[in-house]
Structure formats: structure tokens, C-alpha cells
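Structure first, commentary second.
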Amino acid sequence: MNRIPETFARLKRENRAAFIPYLMVGDPDLATTERLLCALADLGCDAIELGLPFSDPVADGPVIQAAALRALKNPPSFADIFAMIRRVRQKYAHIPLVFMGYANPVYRYGTEMFCNEASHAGIDALLLVDVPIEEKEAFTHPALPLIPLITPLTPKDRQAAILASCDPNSFVYLVGRVGITGKATSLTENLKDLYATIKKHASVPVVLGFGIKNAHQVAQFSEFVDGVVMGSAFVDLCQHTQPLFMGDALHPDVASFVSACCQSTRTSH
Numbered sequence: 006m007n008r009i010p011e012t013f014a015r016l017k018r019e020n021r022a023a024f025i026p027y028l029m030v031g032d033p034d035l036a037t038t039e040r041l042l043c044a045l046a047d048l049g050c051d052a053i054e055l056g057l058p059f060s061d062p063v064a065d066g067p068v069i070q071a072a073a074l075r076a077l078k079n080p081p082s083f084a085d086i087f088a089m090i091r092r093v094r095q096k097y098a099h100i101p102l103v104f105m106g107y108a109n110p111v112y113r114y115g116t117e118m119f120c121n122e123a124s125h126a127g128i129d130a131l132l133l134v135d136v137p138i139e140e141k142e143a144f145t146h147p148a149l150p151l152i153p154l155i156t157p158l159t160p161k162d163r164q165a166a167i168l169a170s171c172d173p174n175s176f177v178y179l180v181g182r183v184g185i186t187g188k189a190t191s192l193t194e195n196l197k198d199l200y201a202t203i204k205k206h207a208s209v210p211v212v213l214g215f216g217i218k219n220a221h222q223v224a225q226f227s228e229f230v231d232g233v234v235m236g237s238a239f240v241d242l243c244q245h246t247q248p249l250f251m252g253d254a255l256h257p258d259v260a261s262f263v264s265a266c267c268q269s270t271r272t273s274h
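Right, here's the structure in full:
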């Protein structure tokens, strides 16, 4: 099932962008991750990024770092994570799910075994932020497309090489500004021009991440990008909303925030 291209094709017909929240697997435990994953699907999120906890997340800021450390206090095994994904897939067959993380845990587990098991569980693609295109072959597997990143500092010739290597069942992740996730800096100026340059040569969707904080920004960037990823702002909201679930329901403050972000992609596009 090619969920990523099918989802973006549907969104294009609907004339809107994708809203893609990020959550850290195992923060504060795997049961909460599973409940939150289902709640996000129910609220209408178009795809979901699942962070794999790692002790040295060099691309992540304090919020995601803290979430990883909370998850690593009682780290879920990959077997447990894959089992959780399989359970979620029994109810939510069509929403794209992407693992985002770092090379070390995948390499240590065994890249081929990881990719096979993740794909069979229902993961659609893998984003490893510390794997450059020079090392891509070691992590490229037919069962699990690798998502490339392009930053505002990526030279044009390197952009071309990255775009030429894209798997048709993946997307390009455009880093919206220089720095780590969640850092309190403004998004790069001329981002629309940068996106347009990349999109002109891309054969797959291009989504924007790093630094998206609220529904207003989701709406702003949904005017021209294929999708918007929100990580630190959403993780921080969940961490500071207690209890996160009230009975079987996600806390209304979190649910309304997510719903507003989902609706913000419908402005025009």
C-alpha cells in the first residue's frame, strides 16, 4: 500500500496541504503513545511522524531531547514498538506513519531486519536526520523508503543530487530554518522562494518542518507547501497538559489545538 503518494494525491485534489504532527515513541510510555497516535488519526491528521528515542539527538532542541530522555527511562523495545504499530494499523489502515530518528539504533538493530519489520508492521517511510546521501545506500531498503532532508544551507548542486535520489513513495523534508528543532528563531526568510526552487525539480511532495508552532503558522505555510510538520510545539503541549487523557478522550485543550491545525491547511493552497 503506497500510503504516502496516495495521501498527497488526495490532498492535492482537495486543494490543501497535509498537517503532520510529531510525537516521541515511549513518552512517557508506549501505552500513551498508542492512545495519542489513535487520537491524532481520529482528529483528522493527514500523516504522523513517530520519533524513535535516542540518547544523542543532535538535530533536536530541548523539548524533543527531554521527550527522548523520558522515553529512555523505560525504553520500549523495537519488538514492542512494531507490535504497537500493528495494533494501530488494525483500525487505521490508510494514514501514513513515518519513523524519524537517528542511524545508530537502526544500524545496531540491523538495518535490513529493522526495515523489513517496520514495513511489515505498517510504517511507510524512514527519516534518519544524520544520514547524508553519501551514506544513503547503507540505509536504503526496498521495504522502507528513506526520506531526504534539505536545509536552507544546502547548495543547489547538492539539492539536485538529493532530489534525484528520492524514492517515489516518500517525500522531501524541507528544514524551515537553520538550527535545531523547536529553537526560538524565526523561520528562514525567502522560504517561499526556496520551496519553489526545490519543488520545481522534485518528483515527490515537499513538506516543511522545524519551528512550526501554531495553527496560524500552519495556515501561513499551507498556502504554498505540500505539508507542514509540527514537532516541539505539540510535544511541549502534551507534556504540560495533565492529565493528557480524560477517561477515553484526549484533553480538550490538546484536541482543539490539533483540530485547529488540521483545519488551517484548508485555507487555500
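Residues in the sequence shown are numbered consecutively from 6, following the numbering used here.
The beta carbon of each residue, even a glycine, is placed where N, CA and C say it ideally should be.
In this text the structure is predicted, and so the values were computed from the model without any measurement.
Bounding residues of the alpha helix (DSSP H) (the contiguous stretch that carries residue 74) = 67–77
key: Nearest-angstrom Cα separation, counted from residue 148 out to residue 98   = 17 Å
Complete runs of the alpha helix (DSSP H) confined to the stretch 209–238 [at least 4 residues] = 220–227
Three-way DSSP call (helix, strand, coil) for residue 180 in this model = strand
ask   = Unbroken beta strand (DSSP E) runs of length 3 or more, entirely within the stretch 11–57: which are they?
value = 23–29 and 53–56
key: Spatially closest choice to residue 158 from 174, 181, 176 and 169, by CA coordinates   = 181
inquiry  = Let me confirm a value: residue 6 is counted as buried when at least 16 other C-beta atoms fall within 10 Å, else exposed. Which label applies?
reply    = exposed
message = Tell me which residues share the same chain as residue 48 and place their Cβ nearer than 7 Å to its Cβ, disregarding the 5 neighbours each side in the sequence.
response = 260, 263, 264 and 267
ask   = Looking at the structure shown, is residue 93 part of a helix, part of a strand, or coil, going by DSSP?
value = helix
ask   = Excluding the five sequence neighbours on either side, which residues of its own chain have a C-beta within less than 7 Å of the C-beta of residue 197, listed in chain order?
value = 229
task = Sort 81, 39 and 65 by Cα distance to residue 3 and report the nearest one.
result = Past the edges of the chain, shown from 6 to 274, lies residue 3, and the structure says nothing about it.
inquiry  = Beta-carbon within less than 7 Å of residue 185's beta-carbon, same chain only, minus the 5 sequence neighbours each way: which residues are those?
reply    = Note that residue 185 scores a pLDDT of 48, beneath 50, so its modelled location is shaky; the value from the coordinates is reported in the next line. The residues are 64, 65 and 66.
message = So, for residue 135: in the same chain, excluding its five sequence neighbours on each side, which residues have a beta-carbon less than 6 Å away from its beta-carbon?
response = 107 and 108
Counted within 10 angstroms of its Cβ, other Cβ atoms place residue 23 as buried (16 or more) or exposed = buried
inquiry  = Less than 7 Å between C-beta atoms, sequence neighbours within five positions excluded: which residues of the same chain meet that for residue 189?
reply    = For residue 189, the predicted structure reports a pLDDT of 47, less than 50, and the residue's modelled location is therefore unreliable. The matter cannot be settled from this model.
Endpoints, the alpha helix (DSSP H) within which residue 118 is located = 116–126
query = Can at least three beta-carbon pairs, one atom from the stretch 66–78 and one from the stretch 115–130, be found at a separation below 8 Å?
reply = no
query = Under the three-state reduction of DSSP, which class applies to residue 169: helix, strand or coil?
reply = helix
task = In the DSSP assignment, find the unbroken alpha helix (DSSP H) run with residue 103 in it and report its ends.
result = It is not in any alpha helix (DSSP H) - residue 103 instead sits in the beta strand (DSSP E) that spans 102–106.
request  = Consult DSSP for residue 152 and reduce its assignment to one of helix, strand or coil.
outcome  = coil
query = Is the CB-CB distance between residue 234 and residue 68 below 8 Å?
reply = no
ask   = Secondary structure at residue 261, three-state DSSP: helix, strand or coil?
value = helix
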